[in-house]
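Residues 97 to 362 (my numbering) are what the sequence shown spells out, left to right. By construction, the Cβ of each residue, glycine as well, lies at the ideal position given by its N, Cα and C atoms.
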Amino acid sequence: MSSTAKHFLWEQHGKVGLLTLQRRERKNALTFESYAQLRDTFLGLGADRSTRAVVITGEGGEFCSGGDVHEIIGPLTKSSAPALLAFTRMTGDLVRAMRRCPQPIIAAIDGTCAGAGAVLAMASDMRFGTPAAKIAFLFIRVGLAGCDMGACAILPRLIGHGRASELLFTGRSLGGEEAHAWGFLNRLSTPEQLLPQALELATSLGEGPAFAHGMTKNQLNVEWDMSLEAALEAEAQAQSICMQTNDFRRAYTAFVNRQEPHFEGD
């Protein structure tokens with residue numbers, strides 16, 4: 097995987113990939129190109145055995161201000177209906193790629209986290225933030241519906257239907273402390289500790305059983321619309337597959353020998 101891209105930087109920290117959004121002058125706003133580059137990056141992780149966890153953050157004390165007003169919203173007002181649908185499907189493909197990649201994704205959020213930036217955080221598996229984080233699903237403020245990039249499906253599952261409705265109908269900003277109290281943020285950190293703590297957890301996850309982590313993520317996705325009976329059967333089959341891995345046998349051998357297991361992801 098390339099270490100650089102037009103609007104973000106990818107750095108490998110051992111088994112952890114650190115993705116830093118980079119457009120400081122625009123609060124790391126997204127463009128047509130960066131949406132596609134991010135989608136392709138997360139799609140590529142499906143075949144990347146060297147990366148076992150991902151941290152996504154932004155530079156300059158900001159996370160992401162969403163789609164660039166001048167480079168995205170302006171052109172969209174002049175686009176044809178087929179072009180508009182192609183764009184909205186492409187942005188949805190980014191969320192789909194984040195949810196389908198087997199690696200756990202941790203968003204490290206400071207400052208502005210708005211619009212599509214809030215969706216990037218939402219689509220991650222876990223979120224760390226600072227009290228200065230400002231999370232807002234701003235679509236209504238530009239005359240659009242809150243149902244963007246899966247927000248109406250995912251956000252209620254994170255914070256509840258009523259709270260999600262409030263954010264999507266009003267577009268109001270959710271501060272870091274309130275976001276933590278509501279369950280949107282898993283952990284509240286100082287700005288100095290935000291990235292180190294996110295990388296610490298990602299590193300710990302990266303040392304774990306990668307195949308099993310991927311299975312957990314897959315089941316969290318597919319069991320959304322299953323009955324309990326279907327979910328129990330799906331989990332029985334998933335766990336039986338994990339029991340056939342070398343990592344399962346390694347963990348048993350390490351336990352018998354009173355050692356820490358060394359997982360290889362196979």
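ask   = Are there three or more Cβ pairs, one per stretch, closer than 8 Å when the stretch 237-249 is compared with the stretch 294-301?
value = no
ask   = How big is the Cα-Cα spacing for GLU356 and ALA350?
value = As a position in the sequence shown, residue 356 is number 260, starting the count at 1. As a position in the sequence shown, residue 350 is number 254, starting the count at 1. Their backbone Cα atoms lie some 6 Å apart in a straight line.
ask   = What do you get for SER220, buried or exposed, if any count of 16 or more other CB atoms within 10 angstroms of its CB means buried?
value = Position 124 of the sequence shown, counting from 1, holds the residue named residue 220. Classification for SER220: buried.
inquiry  = Going by beta-carbon coordinates alone, are LEU190 and ARG120 separated by less than 8 Å?
reply    = Counting from 1 along the sequence shown, the entry for residue 190 is found at position 94. Counting from 1 along the sequence shown, the entry for residue 120 is found at position 24. Going by C-beta atoms, LEU190 is not nearer than 8 Å to ARG120.
query = Can you give the Cα-Cα distance for VAL151 and GLN340, rounded to whole angstroms?
reply = Residue 151 sits at position 55 when you count from the first residue of the sequence shown. Residue 340 sits at position 244 when you count from the first residue of the sequence shown. Taking the straight line joining both Cα atoms gives about 29 Å.
request  = Could you spell out the range, first to last residue, of the alpha helix (DSSP H) harbouring MET186?
outcome  = Residue numbering aside, residue 186 sits at position 90 when the sequence shown is read from its first letter. Unbroken alpha helix (DSSP H) run through MET186: 177-196.
query = Quick one: Cα of ARG196 to Cα of THR312, how far?
reply = Numbered from 1 along the sequence shown, position 100 holds the residue referred to as residue 196. Numbered from 1 along the sequence shown, position 216 holds the residue referred to as residue 312. Spanning the two alpha carbons is a distance of roughly 11 Å.
key: Which residues DSSP lists as bridging ARG223, in chain order   = Position 127 of the sequence shown, counted from the start, is the residue given in the question as residue 223. DSSP lists ALA203 as partners of ARG223.
query = Just reading off the alpha helix (DSSP H) that ALA247 is part of, what are its end residues?
reply = Position 151 of the sequence shown, counted from the first residue, corresponds to residue 247. It spans 247-255 - the alpha helix (DSSP H) in which ALA247 sits, taken as one unbroken run.
request  = Specify, as a first and last residue, the run of the beta strand (DSSP E) that LYS230 falls within.
outcome  = Mapped onto the sequence shown, residue 230 falls at position 134. First-last of the beta strand (DSSP E) with LYS230: 230-232.
inquiry  = Could you give the first and the last residue of the continuous beta strand (DSSP E) run that contains LEU126?
reply    = Translated into positions along the sequence shown, residue 126 becomes position 30. Premise fails: LEU126 is in no beta strand (DSSP E) and is neither H nor E.
query = Does DSSP put THR147 in a helix, in a strand, or in coil?
reply = Counted from its first residue, the sequence shown places residue 147 at position 51. Correct three-state label for THR147: coil.
ask   = Going by the CB atoms, is the gap between ARG345 and PHE359 shorter than 8 Å?
value = Counted from its first residue, the sequence shown places residue 359 at position 263. Counted from its first residue, the sequence shown places residue 345 at position 249. The answer is no: Cβ separation not under 8 Å.
query = For THR100, which residues from the same chain have a beta carbon less than 6 Å from its beta carbon, with the 5 sequence-adjacent residues on both sides left out?
reply = If you number the sequence shown from 1, residue 100 lands on position 4. Any reading at THR100 must be qualified, since the residue scores a pLDDT of 45, below 50, and its modelled position is unreliable; the value itself is stated next. So the list is empty, once near-sequence residues are dropped.
Meets three-Cβ-pair contact criterion under 8 Å: the stretch 256-264 and the stretch 312-332 = no
query = What's the gap between the Cα of ALA149 and the Cα of GLY304?
reply = Taking the first residue of the sequence shown as position 1, residue 149 is located at position 53. Taking the first residue of the sequence shown as position 1, residue 304 is located at position 208. Taking the straight line from one Cα to the other gives about 10 Å.
message = Quick check on PRO178: buried or exposed, where buried means 16 or more other Cβ atoms within 10 Å of its Cβ?
response = Within the sequence shown, the letter at position 82 stands for residue 178. With fewer than 16 Cβ atoms within 10 Å of its Cβ, PRO178 is classed as exposed.
ask   = Is it a yes or a no for the stretch 168-175 touching the stretch 241-260, going by three-plus beta-carbon pairs under 8 Å?
value = no
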